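For the protein sequence lines, the chains are A and B, in the order given. Each number in my numbering corresponds to the 1-based position in the first sequence with 4 added. Each number in my numbering corresponds to the 1-based position in the second sequence with 1071 added. Notes follow the structure.
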Amino acid sequence: MEAIKRLTIASALVLAPLAAQAAPPDDTIVLGISSDASSFDPDQIASRDNANIAKHIFATLFTVNFEGEIKPYLVDKTEVSEDGLAYTFTIKPGLTCEDGEPLTAEDVAYSFNRPLDKSKNFTGNSAGFVLPTLGLKSAEALDDLHVKINLTAKTTLALGMLSQIYVHCKDSYEKMTADEAAIHPIASGSYRLAKWDRGSQLVLEKIKDPGNFKTIIWRVIPEASTRTAELIAGNVDIITNVAPDQIGAIDSSGTASVAKVSGTRRMQVGFNLSDAAKDMPGGKEIQDPKVRFAMQYAVDVPGICKQLLGTECTRASSLVNPPNDNPDLTPIPYDPDMAEKLLDEAGYPRGADGVRFHIKLQGPRGRYLEDANVVQAIGQYLSDVGIQTDVELLEWASVYSPLLREKKMAPLFFLGQGGVTWNPLYDMSLFSTPDATTNYQSWNDPRWFADWKLALNANTVEEARPVINRMLKLFYEEGPWLQLYFQPDFYGVSKRVDWQPRRDEEIDLFEAKLASQQ
Amino acid sequence: MWTFIIRRLMQSVIVIVGVTLITFTALQMSGDPTYLYVSERATAQEIQRTREALGFDKPLPEQYLSFLGKLAHGDFGNSLSYKRPALEAVLEALPATIELTLFAMILAVVVAIPLGVLASLNRGSAVDGSIMTVGMLGQSIPSFWLGIMMIMFFGLQLRILPISGHVPFIMPLLQGDFAQAFTNLPMTIYYLIMPGFAVGFYSISRNARLVRSSMLEVLEQDYVRTARAKGISEWAVVIRHALRNAWLPVVTLIGLEFGFLIGGVVVVEMVFSWPGIGRLVFNAINQRDIPVVQASVVVLAVVFIVLNLIVDLVYARIDPRVKL
Chain A
5 MEAIKRLTIA SALVLAPLAA QAAPPDDTIV LGISSDASSF DPDQIASRDN ANIAKHIFAT
65 LFTVNFEGEI KPYLVDKTEV SEDGLAYTFT IKPGLTCEDG EPLTAEDVAY SFNRPLDKSK
125 NFTGNSAGFV LPTLGLKSAE ALDDLHVKIN LTAKTTLALG MLSQIYVHCK DSYEKMTADE
185 AAIHPIASGS YRLAKWDRGS QLVLEKIKDP GNFKTIIWRV IPEASTRTAE LIAGNVDIIT
245 NVAPDQIGAI DSSGTASVAK VSGTRRMQVG FNLSDAAKDM PGGKEIQDPK VRFAMQYAVD
305 VPGICKQLLG TECTRASSLV NPPNDNPDLT PIPYDPDMAE KLLDEAGYPR GADGVRFHIK
365 LQGPRGRYLE DANVVQAIGQ YLSDVGIQTD VELLEWASVY SPLLREKKMA PLFFLGQGGV
425 TWNPLYDMSL FSTPDATTNY QSWNDPRWFA DWKLALNANT VEEARPVINR MLKLFYEEGP
485 WLQLYFQPDF YGVSKRVDWQ PRRDEEIDLF EAKLASQQ
Chain B
1072 MWTFIIRRLM QSVIVIVGVT LITFTALQMS GDPTYLYVSE RATAQEIQRT REALGFDKPL
1132 PEQYLSFLGK LAHGDFGNSL SYKRPALEAV LEALPATIEL TLFAMILAVV VAIPLGVLAS
1192 LNRGSAVDGS IMTVGMLGQS IPSFWLGIMM IMFFGLQLRI LPISGHVPFI MPLLQGDFAQ
1252 AFTNLPMTIY YLIMPGFAVG FYSISRNARL VRSSMLEVLE QDYVRTARAK GISEWAVVIR
1312 HALRNAWLPV VTLIGLEFGF LIGGVVVVEM VFSWPGIGRL VFNAINQRDI PVVQASVVVL
1372 AVVFIVLNLI VDLVYARIDP RVKL
């Protein structure tokens, strides 16, 4: 025993200096993320983790700040045509890319036109979502400093969508093959990709402002408990996706704490109102808006947050993220008696067996925070008020996602949909038409879609506000969601650094600094 | 012997085609992966465009035959996630897994054989009981749990071993950077200790038990008794006469051990953030990255086939009774 003890102490003395080397130096910040980047071709980037790294490498015309305001980044001045179909931007003079190539209006126009090239088969966010939503018709350089973006339709979403296109230098990228563009990004932003050890880490080096750290290291640590251990040990400064059961360990470590933020992902139980769902058990009953409204009272959302997600939360009152929602709407409280009363009034009393009607609730497993437990809890709450709920948990990638996209869900299905803080119409655009891809519920209330056209035609969000509030009230009373919560996000943050998480799942390190610099 | 090798290699081609067919069918049965590669808000036209870009719009037999045609030229297609050749991604991850597996295998031999011999020589004693108890634990404890416990104890409490990460040795060797490889070597081993033990603990336990039972059987043989009667030292009896004969079943197992260990590294690679093929396959399956899954399965199948062949050849070499 003594020999083992001596050996352990000797090993500790030999190895301790090696372990100590892992602590980051003062000019470096280290993040522990769950998955590696896939590609740094600006037009192939699709995942959130990948985009979080890319936003430090590539500049954009605008940026959405911590408060959800859209601020100029490369732009000095913006002019909008009277019909709202053309935006002319004056970009800042003297910009360059990492390789020294001047960054001009031609490069900006190229950055918008490149994803439209069908022959390149881009599958990133730019070609697949941003530009179609923006309605980009064309982009043209007027001279070195002026670029004109032409749209197919007027939209108040324009500047926000423009903030998602990575600007990159034309000459540099035209010289590269697709494979080279994926692994050797030419930075237009503050940092350059200095090293990429696939599956292990990415190292970014600062080349210009903004940014307080000289080096950013993104370490790929897929397992949540390993990320937690690395944070507590002081080897990383920030970790993402902290599991609720590890919050206590981090908070009591003395070296780090958990920063909780109410995210912009809107968690809901969708009511499948399609014709196909009407023939399923419960499908006919949920067509009645009174039944849908009654069901809202049956679920204890704050209880779910506290017991299962490990945090307090306020129930959502609409599909729009605060502070852009309708201030007159208050979250529906948990009141099972009221749920039962409203269900009785709607014409669905309990039968002899205590059951009003049967229904199926589907949910994914491992897609959202504690999803399987939350879905089972909701199923139990509904069963408690006489809606006998059959819960079915499915694997996300191969089963749930295809069913969702093909709109073949059960009458009830659990879902989280990403949102933003900068424009309520973005959040509401899930229901832009009855057959919109994101209208998984097949909601077709004509009042909503008539108002949607009015809201889109407004010149500003403020001008559209009365219509927006009317729409949100309709959604609150008769909408196709059983309202739940905005998914909380948990980040582990070392006491060594001063950093605040954002609500929109973006990781912004430009303002991060050492805590000792306060 | 050459006839044997050629026959085995020809059989291998059939095995590989069979493996690709099974993998392809299994992946296709789980639905259309296009949805994983488009935005939540992508329109039906954009989804169709992506489906065509990824080649999932063609009939399944056509997709498979096209895959086989490319496979004949060593082309597995581009990874859907990484947007680069799938085989390149797999071969890039393979050295890290080989490092981990080799280290675990070395542990499984170097630690297991002395333990097994020691237990057999002290049959029924406290030493034997202790070794067999540890052996039983090793075969019962899941590697991911062991990994997490080691992280908590050696990484977090004692802080003497790194919690996660990897320092490459084989990759710089393959790139011809020998100086870098040997500079890295101490840190490579340092980072290998915990994951290597987590992967290898099961094998250490199993091999120790196997060596013990094999040794016990051999120690009862007449020739061992004769050797002792001739006054040969106990050390020489054990090493030269008993262990050499007890070695045969162990060699078979060790030969296949490498393949077994490669199959078992997935979870450990996740826990220790080890950038190997196990983690790559795990992510590829989640992402339905069919080219990467296919390339990984074929590469692993080739590794298994080659190892089996080597085991057969070695077996014939050390046991004169075996004829190829």
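Beta carbons are placed, not taken as given, at the ideal position from N, Cα and C, and that holds for glycine. All values reported here derive from a predicted model rather than from experimental measurement.
Beta-carbon proximity check, residue i vs residue j, cutoff 8 Å
i                       : j                       : result
residue 1327 of chain B : residue 1267 of chain B : no
residue 299 of chain A  : residue 489 of chain A  : no
residue 499 of chain A  : residue 260 of chain A  : yes
residue 127 of chain A  : residue 1121 of chain B : yes
residue 513 of chain A  : residue 297 of chain A  : no
residue 1164 of chain B : residue 1351 of chain B : yes
residue 519 of chain A  : residue 508 of chain A  : no
residue 330 of chain A  : residue 477 of chain A  : yes
residue 1152 of chain B : residue 1383 of chain B : no
residue 350 of chain A  : residue 265 of chain A  : no
residue 445 of chain A  : residue 484 of chain A  : yes
residue 101 of chain A  : residue 194 of chain A  : no
residue 1343 of chain B : residue 1218 of chain B : yes
residue 152 of chain A  : residue 90 of chain A   : yes
residue 4 of chain A    : residue 320 of chain A  : Outside the modelled stretch of chain A, which goes from 5 to 522, sits residue 4 of chain A, for which no answer is possible.
Buried/exposed call for residue i, threshold 16 Cβ in 10 Å
i                       : result
residue 344 of chain A  : buried
residue 1245 of chain B : exposed
residue 1296 of chain B : exposed
residue 1243 of chain B : buried
residue 1088 of chain B : exposed
residue 1286 of chain B : buried
residue 383 of chain A  : buried
residue 523 of chain A  : Chain A is shown from 5 up to 522; residue 523 of chain A falls before or after that span and cannot be answered.
residue 390 of chain A  : buried
residue 431 of chain A  : buried
residue 495 of chain A  : buried
Residue range of the alpha helix (DSSP H) that includes residue i
i                       : result
residue 102 of chain A  : No alpha helix (DSSP H) contains residue 102 of chain A, which DSSP labels as neither H nor E.
residue 322 of chain A  : It is not in any alpha helix (DSSP H) - residue 322 of chain A carries neither H nor E in the DSSP assignment.
residue 1284 of chain B : 1249-1290
residue 137 of chain A  : 135-138
residue 307 of chain A  : 305-308
residue 269 of chain A  : Here residue 269 of chain A belongs to no alpha helix (DSSP H); instead the beta strand (DSSP E) covers 260-275.
residue 1090 of chain B : 1073-1100
residue 453 of chain A  : 450-461
residue 1140 of chain B : 1131-1143
Range covered by the beta strand (DSSP E) that runs through residue i
i                      : result
residue 60 of chain A  : Per DSSP, residue 60 of chain A belongs to no beta strand (DSSP E); it is in the alpha helix (DSSP H), 52-61.
residue 528 of chain A : Outside the displayed range of chain A (5 to 522) lies residue 528 of chain A, so it cannot be described from this structure.
residue 472 of chain A : Segment 465-482 is the alpha helix (DSSP H) holding residue 472 of chain A; no beta strand (DSSP E) there.
residue 198 of chain A : 195-201
residue 75 of chain A  : 74-76
residue 368 of chain A : 361-369
residue 428 of chain A : Counting along the chain, residue 428 of chain A falls outside any beta strand (DSSP E), though it belongs to the alpha helix (DSSP H) covering 428-432.
residue 421 of chain A : 416-421
residue 80 of chain A  : 79-84
Presumed contact (8 Å Cβ cut-off) between residue i and residue j, rounded CB distance
i                       : j                       : result
residue 1135 of chain B : residue 1075 of chain B : Contact doesn't hold; Cβ gap of about 32 Å is too wide.
residue 38 of chain A   : residue 53 of chain A   : 7 Å
residue 192 of chain A  : residue 171 of chain A  : 5 Å
residue 1308 of chain B : residue 1300 of chain B : Actually they do not touch by this definition, with Cβ atoms about 10 Å apart.
residue 1275 of chain B : residue 1182 of chain B : 5 Å
residue 155 of chain A  : residue 248 of chain A  : No, residue 155 of chain A and residue 248 of chain A are not in contact; Cβ-Cβ is about 43 Å, not under 8 Å.
residue 1214 of chain B : residue 1282 of chain B : So it is not a contact: roughly 21 Å between Cβ atoms.
residue 56 of chain A   : residue 510 of chain A  : 6 Å
beta-carbon residue i near the ligand ZN non-hydrogen atom, thresh 7 Å
i                      : result
residue 193 of chain A : By its list of ligands, the structure shown contains no ligand whatsoever, and the ligand ZN lies outside what it can speak to.
Original post:
How do the stretch 1127-1144 of chain B and the stretch 1227-1247 of chain B stand: do at least 3 beta-carbon pairs fall below 8 Å, yes or no?
Top reply: When C-beta atoms of the stretch 1127-1144 of chain B are compared with those of the stretch 1227-1247 of chain B, fewer than three pairs fall below 8 Å, so the two segments do not count as touching.
Original post:
Do the stretch 374-391 of chain A and the stretch 405-414 of chain A meet, that is, are 3 or more Cβ pairs less than 8 Å apart?
Top reply: In short, these stretches do not touch, since the Cβ pair count stays below three.
Original post:
Would you call the stretch 65-85 of chain A and the stretch 420-433 of chain A touching, i.e. three or more CB-CB distances under 8 Å?
Top reply: yes
Original post:
Pairing CB atoms from the stretch 270-289 of chain A with CB atoms from the stretch 359-369 of chain A, are three or more of them under 8 Å?
Top reply: yes
**OP:** Take every Cβ of the stretch 426-445 of chain A, pair it with every Cβ of the stretch 153-168 of chain A, and state whether three or more of those distances are shorter than 8 Å.
**Re:** Taking 8 Å as the limit for Cβ pairs, the verdict is that the stretch 153-168 of chain A does touch the stretch 426-445 of chain A.
Original post:
Hey, is the stretch 322-338 of chain A in contact with the stretch 351-360 of chain A, meaning 3+ C-beta pairs nearer than 8 Å?
Top reply: no
**OP:** Would you check if there are 3 or more beta carbon pairs closer than 8 Å linking the stretch 1076-1086 of chain B to the stretch 1328-1342 of chain B?
**Re:** With a cut-off of 8 Å, the stretch 1328-1342 of chain B and the stretch 1076-1086 of chain B do not count as touching, because too few Cβ pairs lie within range.
Original post:
Do three or more CB pairs link the stretch 1090-1109 of chain B to the stretch 1356-1375 of chain B at distances below 8 Å?
Top reply: yes
Original post:
Is the stretch 131-151 of chain A touching the stretch 102-119 of chain A in the sense that three or more CB pairs, one from each, lie closer than 8 Å?
Top reply: yes
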